[in-house]
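This report refers to the structure that appears directly beneath it.
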Amino acid sequence: MATPRDFDPAREDPVEVAGRLGVDPEVGLDAAEADERLRTHGPNELRPARRTPLWRRVIAQLADPLILLLLAAVVVSVVAWIVEGAHGWPIDALVILAIIVLNAVLGLVQESRAEQAVAALAVMTRAHSTVLRGGELRTVASDALVPGDVLALAEGDRVGADARLVRANALRVAEASLTGESEPVEKDPATLDQRVPLGDRRDMVFAGTAVSRGTGRAIVTGTGMATEMGAIATMLDETVEEPTPLQVEVAHLGRMLGRIVVAIAIVVMLTVTIVQGVDTPAGFVTVLLLGVSLAVAAVPEGLPAIMSLVLALGVQRMARRNAVVKQLSSVETLGSASVICTDKTGTLTTNQMTIQRVVTASGVVDLGGVGYAPVGAASSKGRELTDGPLRTEAQLVLAAGSLVNDAQLAEHDGVWEIEGDPTEAAFLVAARKIEGTTEEASRYGRVGEVPFSSERKMMSTAHRHEGGDVVVLSKGAPDVLLEHCTRLQVGDETVPLDPVRRARALAEIETLSDEAFRTLAVAYRAAPELAGEQGRADAAGPDEIAEEDLVYAGVVGIIDPPRPEVRPAIAEARAAGIRVVMITGDHPATAARIARDLGIIDEDGIALPGARLDGMDERQLRDAVRTVSVFARVAPEHKLRIVDALQAEGLIVAMTGDGVNDAPALKSADIGIAMGITGTEVTKEAADMVLADDDFATIVHAVREGRVIFDNIRKFLRYLLYSNMGEVLTVFLGVVFAGALGFAGASDEAVVLPLLATQILWINLVTDSGPALAMGVDPEVDDVMARPPRGLHDRAIDLGMWIGIATTGVVIAVATLLTMDAFLPGGLIPGGTDTFETARTAGFTTLVFAGLFTAFNARSASSSAFRSLFANRWLWGAVALAVVLQVAVVSWAPLQVAFGTAPLDAAHWAVCVAMASSVLWVEELRKLGIRAVARRRAAGAAVATGVVAAGARTSGIADTRRR
């Protein structure tokens, strides 16, 4: 027996497939053979996902470069504590260690989740199937299916395995979750003569799809991992998740800060040793402690924990906007996205087939509304549809279409739902949009039918009016149905369907098809031959219902319409420099039509079919993704290749989707976004973010939130590093210039330190952490959607921020040291009379207050601190708390002992506040210069920008490359 992977069953005759698999399609396998094949091929289930053990996840939390830097600080602090004599507890080391543990716990709680995508696939396919075994139909668990089993398919069945059709009777299968096809696919056992995309294999049925209509028999050709679902599971399992841009940036930041810390500690220790002539063991210990203090000062110890908390708060805010983020580091990624790759069906569209147009002899009726809710107005040429021939004809088409129909429409808890074929359900919805249509249809009762078949491409039903007359109603492919028609409905009359009228009808049908509408025509005839006795009419069967001499009523245009909120959302995304790319399994014409309606491409834009992608190498594909914004009829592997090609172009890619076929690409993208309502469990597990409302507009809201989060990360980075640089320079310059500032004469310490290690730790962990955390929830100061996405290589700390850090650090250090000098005798500022302990306390207080002023500076790199000054009440609360704590550490005796402070009087406090405020005024002047330069550059580039923008609008493609 051949294995399923040895041949392509879609391109072989069913008899040949049966021969290869050693089965008689009319008998099926016997029980013994089925058991033997089950032992050979294994259960019809998917390989479980590999689990990451807890210890590996803990190590991953501790392997963060910033955490490694803090661990190094712990080791150095402990060594210094031991060298000093191991008195008391190593407070510095214990506090930093507590921060590391807190950060790891936060990360595990927020991010710990097993990889369950393949397990979710297994849940999807776990069901029962009807098979032919030993000539008898039996129901077996789907996981017991084997190659060669003969499936008996009926409406409502979930297909248990990949199988080759032997016969089909009006068989339609819903494959949207696998292929992205928006409507059920009509199946036909006729053998294909060439290899075609997955969505066009009409002679095959696939595991995990569902029969929406009809019956059929099929030979199982693939089970378990050998199915198309298994191929997706393999792709999903093998897809490597790339680190998010934020993870890359944090790693870079950790390495950079580590180098800076080591350099600062070495330079300062060497400088102090040389300048102050240290030559005793006690002096060397003091210098070592100084180096540790500077390391503590340079490293923002609270940064990892604050970042985790800020991201967690961002997760909560996004959840309130219906965007559920599963991984902390993904919160910011969406804000960095330069391309959003989106599926069409169920994401950009409603995944609810809707009749939007009715074309009859008297004109065209447009129907408003989308989806299954029967809400929307009927109009013609932009005006409300009024009584007349056109209304009469449209009512006839919709009433007849809703009668020759097996679907059902019902409202449950305020939500309209359907049962049956979505295309048929569209008639039930449309009929309710023209008053009186549904009521007229309710006067008829079905008395017979001729079922739909793929050969006939039409179906008919006989209905008795409550007055006793019987009519035959037919619905089907327009070109086929017209062949059965001899007359045309015009108002209340019928006229001969002559060649001119027939040609006009065909032209109208062609116009609808060109606009990517699915078309269905409706016709009828009076059936007096069936209007006999009630019992005789009720028994009318296919052989008694003649489908000839019909009256052509009209044709409807059906489409899976775009969600109303999507077009403005795409426009906002493009305005923010984000390109939207549609990747769908649907037909190219349909994809291009929806893309044009939504503004993804211009009127002359086209869709690139997946078959073309098969012939492209990686270079050609990269060339294609630069210019093409719609890809249609694509397979799962195509989606993955497109995402990879976009990433190779230096773009940060967000991928949305709802079907199983989207899962591998979602996992490979920088951030995967699943639909929460229509999305499969597989997709949700593979994604980084789930849209609870399935609203594409929520993605744009989430983009804004992601950009705000990254801005806020930059804000607290700016704040912490401004303050830390002030601390480092205060200690360094204070030691180097101790003599000039009057420190040496006022203190008898071997090495005079302007700040104690405990005071530095107080600043970093107590007074700095509150404002930094408050900036994590800071509202927008600058419009984050008025600028393009940040590039992959754009650093969180760029040159402009480094200039600000250096400038602010110098101002803080100078203000702090001059404050100390002012209160000491000698030095640069004469007149001081205080002790060194009091002067150091004043300097310590000035440094703290300067940091608090810096918090307001750090809210924007260019806007004034006074812009939206009171917008962040949490920041004001944090500043107030920090002031209270600083007053306590200066004034409360127990804290004075612990932190080496002395009480200050009102004059001291006034000087400290005044000197600290200098950092605010200097930064305001610097920002004023930045804004002036920016205005000049904007004015000079206005013409060039206009040209580029015009080009982007023409091509439909924004410049979203990573810079």
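Under the numbering used here, the residue at position 120 of the sequence shown is numbered 121, and the numbers go up by one with no gaps.
Don't be surprised by glycine CBs; every beta carbon is placed ideally from N, CA and C.
Q.
With H, G and I counted as helix, E and B as strand and the rest as coil, what does DSSP make of Trp877?
A. helix
Q: Report the three-state DSSP secondary structure of Gly833 (helix, strand or coil).
A: coil
Q. Whose C-beta lies closer than 6 Å to the C-beta of Met236 among residues of the same chain, with five residues either side of it excluded?
A. Pro665
Q) If you run the structure through DSSP and keep just helix, strand and coil, what is Arg719? A) helix
Q: May I have the straight-line CA-CA distance separating Ile560 from Arg519, to the nearest angstrom?
A: 6 Å
**Q.** Cβ neighbour criterion (16 or more within 10 Å) applied to Arg642
**A.** buried
(Q) Run through the DSSP bridge pairs and tell me what Gln357 is partnered with. (A) Paired residue(s): none; Gln357 is not in a bridge.
Q) Okay, do the region 711-719 and the region 683-696 touch, 3+ Cβ pairs below 8 Å being the bar? A) no
(Q) For Arg218, count the other beta carbons within 10 Å of its own beta carbon; 16 or more makes it buried, fewer makes it exposed. Which is it? (A) buried
Q: Helix, strand or coil for Glu450, going by three-state DSSP, please let me know.
A: strand
Q. Should the region 367-375 be regarded as contacting the region 468-481, the criterion being three or more beta carbon pairs within less than 8 Å?
A. no
Q: Quick one: measure Cβ to Cβ for Val28 and Gly135, integer angstroms, because I've assumed they're closer than 8 Å.
A: 7 Å
**Q.** Reduced DSSP category for Val968 - H, G, I as helix; E, B as strand; rest coil
**A.** Lying outside 2 to 964, the shown extent of the chain, residue 968 is not represented and no answer is given.
Q.
Taking 8 Å as the threshold (C-beta atoms), are Lys345 and Met583 in contact?
A. yes
Q: To the nearest angstrom, report how far apart Arg537 and Gly449 are at their CA atoms.
A: Confidence at Arg537 is low in this model, with a pLDDT of 44, below 50, so the placement of that residue should be treated as unreliable; the coordinate-derived value is given next. For Arg537 and Gly449, the distance between alpha carbons rounds to 10 Å.
Q.
Helix, strand or coil for Gln195? Go by DSSP, reduced to three states.
A. coil
Q) Thinking C-alpha only, which one of Ala169, Phe744, Gly611 and Asp671 is nearest Ser454? A) Ala169
Q) Nearest-angstrom Cα distance between Leu921 and Gly377? A) 58 Å
Q) Considering only C-alpha positions, which residue in the set Ala175, Leu483, His413 and Arg165 is nearest to Thr228? A) Arg165
(Q) Here's the rule: buried if 16 or more other CB atoms are within 10 angstroms of the residue's CB, otherwise exposed. What is Pro15? (A) buried
Q) Hey, out of Thr839, Ser630, Gly364 and Asp784, whose CA is closest to Ala576's CA? A) Asp784
Q. Using the C-alpha atoms, what's the distance from Ile265 back to Arg256?
A. 14 Å
Q: Return yes when the Cβ of Ser331 is within less than 8 Å of the Cβ of Ile653, no when it is not.
A: no
Q: Indicate whether Ala655 and Ile672 have their beta-carbon atoms separated by less than 8 Å.
A: yes
Q | Euclidean distance between Cα positions of Gly231 and Gly771 | A | 51 Å
Q.
Between which two residues does the beta strand (DSSP E) holding Thr140 run?
A. Glu137 to Ala142
Q) Who are the Cβ neighbours of Val888 in its own chain at under 6 Å, not counting the five residues just before and after it? A) none
Q: Report, in whole angstroms, the separation of the C-beta atoms of Val891 and Leu905, which I expect to be a contact under 8 Å.
A: 6 Å
**Q.** Inter-stretch contact at 8 Å, needing at least 3 Cβ pairs: the region 561-570 / the region 349-359
**A.** yes
Q | Closest residue to Gly740 among Ile830, Gly20, Pro26 and Gly777 (Cα-Cα distance) | A | Ile830
Q. Can you pull the DSSP bridge partners for Asp163?
A. Gly223
(Q) Quick check on DSSP: helix, strand or coil for Lys458? (A) coil
Q) By Cβ distance, which residues of its chain are closer than 8 Å to Thr272, with the 5 residues on each side in sequence left out? A) Phe733, Val736 and Val737
Q: Label Ala118 either buried or exposed according to how many other C-beta atoms from any shown protein chain fall within 10 Å of its C-beta, with 16 as the threshold for buried.
A: Only weak support is given to the placement of Ala118: the predicted model assigns it a pLDDT of 36, under 50, and the value that follows is read from those uncertain coordinates. Counting Cβ neighbours within 10 Å, Ala118 comes out buried, since at least 16 surround it.
Q.
Residues in the same chain with beta-carbon distance under 8 Å from Leu1045, minus the five sequence neighbours each way, listed in chain order, please.
A. The question about residue 1045 has no answer here: the residues shown for the chain are numbered 2 through 964.
Q: Find the nearest neighbour of Val153 within the set Gly161, Ala145 and Val132, judged by alpha-carbon distance.
A: Looking at the sequence shown, residue 153 is not Val but Ala. For Ala153, the nearest C-alpha among the options comes from Val132.
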